[in-house]
């Protein structure tokens with residue numbers, strides 16, 4: 016019979032632990048979050064900062080008591096199912112799916128085959144019920160919950176605002192990324208425009224160079240204004256390209272993004288995505304501590320901000336009615 020003394024056992028355990036790499040040692044102690052994004056890393060700087068803020072507020076700090084495994088689809092949406100499968104295979108304790116609704120759909124499909132259902136928190140602008148991510152806003156059911164910016168539902172409202180901006184507006188072009196599932200939302204914009212006597216035409220771009228080409232097509236179709244539908248392609252670098260194209264073609268342009276007017280865009284209308292992404296971080300933390308996605312209602316924005324850049328309006332030769340300015344939450348002069 017072999018007898019081990021207590022000191023010998025401790026020594027053996029210490030030696031075994033010493034063989035573990037720092038990463039392996041951390042993995043044995045802390046949860047792992049899969050970060051699944053439809054675009055490139057450069058497009059999610061603000062999103063990562065906001066989600067991190069929510070996690071930190073809830074007691075989770077990356078590389079301290081949380082590991083994050085990032086997967087970037089770089090606008091190649093067809094890669095998302097494979098990237099989601101990699102995270103499931105690792106496995107991770109939860110998945111944060113951001114950008115196009117396609118990322119959340121890919122994560123949901125990938126977790127169906129997981130031996131233990133992996134929780135998913137999404138953040139995008141599409142209707143999660145319409146796309147089958149959750150059963151309802153208040154009772155998500157299943158393993159998915161998250162935050163929605165409800166950008167798709169705000170499309171008709173944005174068409175109305177462009178008409179109010181310039182009552183002579185007869186044609187509005189809507190810029191969409193045809194590779195994003197939410198491009199189908201443009202159909203509702205067409206109907207909304209028809210209801211107020213505005214013709215809505217669709218122009219497409221799925222790469223950065225195509226953004227300028229889309230503006231040219233909008234002008235060729237006699238558009239009086241352009242509405243940019245939500246897609247990661249149009250974020251950050253895309254915003255700069257849109258601002259430049261709008262100035263070049265002297266075409267009044269609207270986006271949902273809060274930062275658009277600060278970068279020289281004419282008008283924006285939408286929710287505070289930074290705060291919503293922060294709330295996504297809070298949800299992730301709650302789930303990592305044991306709460307179920309099915310019990311966490313989908314977070315929806317309650318306030319929306321209208322911003323106008325008067326300097327850009329002047330450069331476009333556009334006189335904005337006083338009645339419209341009174342509606343604005345922020346006016347940049």
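Residue numbers (my numbering): 16 to 348.
The C-beta atom is built at its ideal place from N, Cα and C for all residues, glycine as well.
Cβ-Cβ distance between residue i and residue j below 8 Å
i: residue 128; j: residue 246; result: no
i: residue 199; j: residue 244; result: no
i: residue 112; j: residue 135; result: yes
i: residue 346; j: residue 143; result: no
i: residue 187; j: residue 229; result: no
i: residue 163; j: residue 139; result: yes
i: residue 213; j: residue 178; result: yes
i: residue 285; j: residue 274; result: no
i: residue 226; j: residue 191; result: no
i: residue 126; j: residue 118; result: no
i: residue 220; j: residue 248; result: yes
i: residue 280; j: residue 288; result: no
i: residue 242; j: residue 205; result: no
Continuous beta strand (DSSP E) stretch holding residue i: start and end
i: residue 109; result: 109-113
i: residue 283; result: 282-285
i: residue 148; result: Note, residue 148: premise wrong, no beta strand (DSSP E); not H, not E.
i: residue 345; result: 345-347
i: residue 161; result: 159-163
i: residue 76; result: No beta strand (DSSP E) holds residue 76; DSSP gives it neither H nor E.
i: residue 320; result: 320-324
i: residue 214; result: 214-219
i: residue 187; result: 186-191
Cβ neighbour criterion (16 or more within 10 Å) applied to residue i
i: residue 160; result: buried
i: residue 30; result: The predicted position of residue 30 is uncertain, since its pLDDT is 44 and thus under 50; a value taken from the coordinates is nonetheless stated next. Residue 30 is exposed by the Cβ-count criterion.
i: residue 258; result: buried
i: residue 310; result: exposed
i: residue 211; result: exposed
i: residue 250; result: buried
i: residue 123; result: buried
i: residue 141; result: buried
i: residue 153; result: exposed
i: residue 240; result: buried
Coil, strand or helix - residue i by DSSP
i: residue 84; result: strand
i: residue 18; result: Legend: pLDDT at residue 18 = 41, less than 50; position of this residue unreliable, value from coordinates given subsequently. Here residue 18 sits in coil by DSSP.
i: residue 302; result: helix
i: residue 331; result: coil
i: residue 268; result: strand
i: residue 245; result: coil
i: residue 339; result: helix
i: residue 54; result: coil
i: residue 122; result: helix
i: residue 138; result: strand
i: residue 66; result: helix
i: residue 240; result: strand
i: residue 40; result: Low confidence applies to residue 40: its pLDDT is 40, below 50, so where it sits in the model is not reliable enough to give any reading.
i: residue 100; result: helix
i: residue 277; result: helix
i: residue 48; result: strand
Closer than 8 Å to chain B by CB, residue i
i: residue 102; result: Among the protein chains of the structure shown there is no chain B, as only one such chain exists.
Residue i, enclosing alpha helix (DSSP H) - first and last residue
i: residue 257; result: 252-264
i: residue 174; result: 166-180
i: residue 226; result: 223-235
i: residue 94; result: Looking at the DSSP string, residue 94 is not in any alpha helix (DSSP H), and its letter there is neither H nor E.
i: residue 207; result: 201-210
- Message: When you compare the region 291-306 with the region 254-272, are there three or more beta-carbon pairs, one atom per stretch, that lie closer than 8 Å?
- Response: no
- Query: Any chance the region 76-89 sits against the region 311-322, with 3 or more Cβ pairs inside 8 Å?
  - Reply: no
- Would you say the region 91-99 touches the region 326-346, given that touching needs at least three Cβ pairs under 8 Å? no
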